[in-house]
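Note sheet for the following structure.
2 protein chains.
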Amino acid sequence: MGLLVVGSLGLDTVITPFDRVEEALGGSATYISIAASYFSAPVYMVGVVGDDFPKEYIDLFEKYNIDLKGLQIVEGGKTFRWTGKYQYDLNIRDTLLTELNVFEKFNPVIPEELRKSRFVCLGNIDPILQMRVLDQLDSPQFVVCDTMNYWIESKKPELLELIKRVNVLIINDSEARLLAQEPNLIKAAKKIRSWGLEYLIIKKGEHGALLFSEDKVFSAPAYPLEMIFDPTGAGDTFAGGFIGYLEKTEDTSIENIKRAVVYGSTMASFSVEQFSTKALEGLSSLRIHDRFLDFMEISRFDDKE
Amino acid sequence: MGLLVVGSLGLDTVITPFDRVEEALGGSATYISIAASYFSAPVYMVGVVGDDFPKEYIDLFEKYNIDLKGLQIVEGGKTFRWTGKYQYDLNIRDTLLTELNVFEKFNPVIPEELRKSRFVCLGNIDPILQMRVLDQLDSPQFVVCDTMNYWIESKKPELLELIKRVNVLIINDSEARLLAQEPNLIKAAKKIRSWGLEYLIIKKGEHGALLFSEDKVFSAPAYPLEMIFDPTGAGDTFAGGFIGYLEKTEDTSIENIKRAVVYGSTMASFSVEQFSTKALEGLSSLRIHDRFLDFMEISRFDDKE
Chain A
-2 MGLLVVGSLG LDTVITPFDR VEEALGGSAT YISIAASYFS APVYMVGVVG DDFPKEYIDL
58 FEKYNIDLKG LQIVEGGKTF RWTGKYQYDL NIRDTLLTEL NVFEKFNPVI PEELRKSRFV
118 CLGNIDPILQ MRVLDQLDSP QFVVCDTMNY WIESKKPELL ELIKRVNVLI INDSEARLLA
178 QEPNLIKAAK KIRSWGLEYL IIKKGEHGAL LFSEDKVFSA PAYPLEMIFD PTGAGDTFAG
238 GFIGYLEKTE DTSIENIKRA VVYGSTMASF SVEQFSTKAL EGLSSLRIHD RFLDFMEISR
298 FDDKE
Chain B
-2 MGLLVVGSLG LDTVITPFDR VEEALGGSAT YISIAASYFS APVYMVGVVG DDFPKEYIDL
58 FEKYNIDLKG LQIVEGGKTF RWTGKYQYDL NIRDTLLTEL NVFEKFNPVI PEELRKSRFV
118 CLGNIDPILQ MRVLDQLDSP QFVVCDTMNY WIESKKPELL ELIKRVNVLI INDSEARLLA
178 QEPNLIKAAK KIRSWGLEYL IIKKGEHGAL LFSEDKVFSA PAYPLEMIFD PTGAGDTFAG
238 GFIGYLEKTE DTSIENIKRA VVYGSTMASF SVEQFSTKAL EGLSSLRIHD RFLDFMEISR
298 FDDKE
């Protein structure tokens, strides 16, 4: 039946200590959809762009079997643009410019034939819009939701309402501490889950990811990358690999959700190796599975005897 | 044959956001020896104290089968004292006072009958002293060495000479970056190992630990602690659990070294739950093994099928 993805599409200008790229393909829906496309087919992408959105990117989506019937193309409108600059160690990112353009009035409309979607990924957009998506759906089986510090600070009540309606919230460690107002990550996770959330995933960048479920914690390692070229979109890519794998396997048992966390980490580990979506292009199931097995090898140990 | 431990013994005054303790038992040799005593017997501790060192701490060591023939007690001397204060999130520690006292002129002398020790742990002291210990030993089988930023900054040439003569160096992530002058931890580890080191362990606190061997990385998870009461000695405790387990099993294969990393993490996870060595006292092999199995459960996932 495929995967429904809602989020942003944009043109990103990214400056790293090593290089820069101008108006490259970006946005949460973009990264989620391309990562998920290695597992799910088709991926239905709902978002908005202006009529200046390059044709080559439309072609790219189509190449990855990403269905665009939910993509709004605003006549005479300009696509969302973002410029960011990473500092020396790539852990700190400064936003230099944000032009919302057509994204400012984005109202996600889910095409009739997609309203029965069972697997749904709500990319990082206003929680009010994320809820509006859920309102249009006919009891989805599994909903994953991403957010960011901006929404935690400006729309916390709406976010708390939203997380009661999703299965998984994916955030990073500083967002978890901010959301829970608690410096200890384990306590923070417990608090967030107590608000009515089934699963919480906390991404920790170079330190891997944690999955919190009922009284259980799963710790996924990070892939030992010697070179991180551009971290932009790594979190979205994680979400795409995670939900794509779950949709493909149609298995939402805890054991399979753990595997999905590792597939999310796997996709994110590729993503940061080049600018924009470049490193996600041209992967294969075999390469992805090989790196999944690397994650297994990195974290494997046994009890004596 | 037992384990040889060389390091500091001291009286620590520790202030945390929750509480404080005055002149509690501390020092690298103390934590290493007590942690290792749950695996190795006996543990031979080499260090120095003044004659003000409380009798109750001597009794404590003896209770844990820690042999004190290598402990120098300086008549009329004062024991090493340290006062530290942890900030709100426990990640930053300020040293308020250091009185070296008898430790200032410490010259480790290995008693004749311990010179054939096969397993050796060099706790965090001046690398020149650590080398002087090695000079007295008759080809030990496996040597673990700890250090800290102070020695990395002040005695780097001596430290680089030392690491060629040990099997494992244990440091934390900021120390690894400092030693290698490289922000990427994986690159930093590679660089440090290239200087002639067999195994490097990088402790990452709440993010677990990494073991680097020839072209391989092993990632051990952190135990999901909701409450860290006092981090003092956690690194020494890690080293003690690590080398104690190796000495007990007399197996230095890579698979067993991985287990030892998890036993080190296990002991450290207990250590931080109370002040000083309190949480290490009264443990049992069963409780330790249970927590080892928790670490396994936390990081376990499988491939589909």
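From first to last, the protein sequence lines stand for chains A and B.
Position 217 of the first sequence, counted from 1, bears residue number 214 in our numbering, the numbering being contiguous throughout.
Position 24 of the second sequence, counted from 1, bears residue number 21 in our numbering, the numbering being contiguous throughout.
Note that CB positions come from ideal geometry on N, CA and C, so glycine has one too.
**Request:** Using the Cα positions of E203 of chain A and A219 of chain A, report the straight-line distance between them to the nearest angstrom.
**Result:** 6 Å
**Message:** I'd like to confirm the pairing. Which residues does DSSP put opposite M42 of chain A in its beta bridges?
**Reply:** As DSSP reads the structure, M42 of chain A sits in a beta bridge with A:V2.
**Message:** With a threshold of 8 Å between beta carbons, is P180 of chain A in contact with chain B?
**Reply:** yes
**Message:** Quick check: does the Cβ of D233 of chain A come within less than 7 Å of any heavy atom belonging to the ligand NAP?
**Reply:** The ligand NAP is absent from the structure shown, which contains no ligand whatsoever.
**Request:** Could you tell me which chain B residues have their CB closer than 8 Å to the CB of K201 of chain A, listed as they occur along the chain?
**Result:** H204
**Item:** Contact check, L4 of chain B vs G44 of chain B, beta carbons under 8 Å
**Value:** Contrary to the premise, residue 4 of chain B reads as Gly rather than Leu in this sequence. Cβ distance < 8 Å, so G4 of chain B and G44 of chain B count as in contact.
**Beta-bridge pairing of D307 of chain B - partner residues as DSSP gives them** = An answer regarding residue 307 of chain B cannot be provided, because it is not within the stretch -2 to 302 covered by chain B.
**Item:** Simplified DSSP state of I12 of chain B, which is helix, strand or coil
**Value:** strand
**Prompt:** Residues bridged to R90 of chain A by DSSP?
**Reply:** A:Y83
**Prompt:** Can a CB atom of chain A be found closer than 8 Å to the CB of P221 of chain B?
**Reply:** P221 of chain B has a beta carbon lying within less than 8 Å of a beta carbon in chain A.
**Item:** Selection from A:W192, A:E179, A:S216, A:D233 that minimises the alpha carbon distance to E158 of chain A
**Value:** A:W192
**Item:** Three CB pairs or more closer than 8 Å across the region 270 to 279 of chain A and the region 227 to 240 of chain A
**Value:** yes
**Item:** Outcome for Y147 of chain B when other beta-carbon atoms lying within 10 angstroms are tallied against a minimum of 16
**Value:** Exposed, by the Cβ-count rule.
**Local conformation of A219 of chain A per DSSP, three classes** = Of the three classes helix, strand and coil, the one that applies to A219 of chain A here is coil, per DSSP.
**Request:** Compare the Cα-Cα distances from V259 of chain A to each of A:N169, A:I63, A:R78, A:F239 and report the closest residue.
**Result:** A:F239
**Prompt:** Which class does I63 of chain B belong to by DSSP, given the choice of helix, strand or coil?
**Reply:** strand
**Asked** Using the beta-carbon count (16 or more within 10 Å), is R190 of chain B buried or exposed?
**Response** buried
**Item:** Exposed unless 16 or more other CB atoms sit within 10 angstroms - verdict on P105 of chain A
**Value:** Counting other Cβ atoms within 10 Å of its Cβ, P105 of chain A reaches 16 or more and is therefore classed as buried.
**Item:** Proximal chain A residues relative to L290 of chain B, where beta-carbon distance stays under 8 Å
**Value:** D300
**Helix, strand or coil at G47 of chain B [DSSP, three-state]** = Looking at G47 of chain B - three-state DSSP - the assignment turns out to be strand.
**Request:** Rounded to whole angstroms, what's the CA-CA distance from E59 of chain B to V46 of chain B? Just pull it up for me.
**Result:** 16 Å
**Message:** Closest to F103 of chain B by C-alpha separation, out of B:G67, B:F116, B:Y61, B:D91, would be which residue?
**Reply:** B:G67
**Asked** Taking the alpha helix (DSSP H) that L277 of chain B falls in, what are its first and last residues?
**Response** No alpha helix (DSSP H) holds L277 of chain B; DSSP gives it neither H nor E.
**Request:** Using DSSP bridges, identify the partner residues of T95 of chain B.
**Result:** B:W79
**Prompt:** Using 8 Å as the Cβ pair cut-off and three pairs as the minimum, do the region 20 to 28 of chain A and the region 280 to 287 of chain A touch?
**Reply:** no
**Message:** For P228 of chain A and F267 of chain A, I'd like the C-alpha separation in whole angstroms.
**Reply:** 10 Å
**Message:** If you follow the alpha helix (DSSP H) that F239 of chain A is in, where does it begin and where does it stop?
**Reply:** Start and end: 231 to 246.
**Prompt:** Going straight from the alpha carbon of L243 of chain B to that of R256 of chain B, what length do you get?
**Reply:** 9 Å
**Request:** Take K301 of chain A as the anchor and find which of B:T263, B:D299, B:N253, B:D287 has the nearest alpha-carbon.
**Result:** B:N253
**Asked** Would you say V309 of chain A faces chain B, with C-beta separation under 8 Å as the test?
**Response** Shown here, chain A extends from -2 to 302; a query on residue 309 of chain A therefore has no answer.
**Request:** Could you name the residues of chain A that S296 of chain B contacts, counting a contact when the two beta carbons are closer than 9 Å?
**Result:** For the C-beta of S296 of chain B, the chain A residues within less than 9 Å are, from N- to C-terminus, F215, S216, A217, P218, S296, R297, F298.
**Asked** Can you tell me the Cα-Cα spacing of L134 of chain A and S262 of chain A, whole angstroms?
**Response** Going from the Cα of L134 of chain A to the Cα of S262 of chain A covers about 28 Å.
**Message:** If contacts are defined as beta-carbon pairs under 8 Å, then G120 of chain B and W79 of chain B qualify, I think. What distance do you get, rounded to the angstrom?
**Reply:** The Cβ separation is near 14 Å, so there is no contact.
**Classification of E172 of chain A by the beta-carbon crowding that lies within 10 angstroms, buried from 16 upward** = With 16 or more other Cβ atoms inside 10 Å of its own Cβ, E172 of chain A counts as buried.
**Request:** Round the Cβ separation of V165 of chain A and P137 of chain A to the nearest angstrom and send it over; I've been treating them as touching at under 8 Å.
**Result:** Not quite, the Cβ-Cβ distance comes to about 12 Å (not below 8 Å), so this is no contact.
**Item:** Buried versus exposed, by CB contacts within 10 Å (16 or more), S114 of chain A
**Value:** buried
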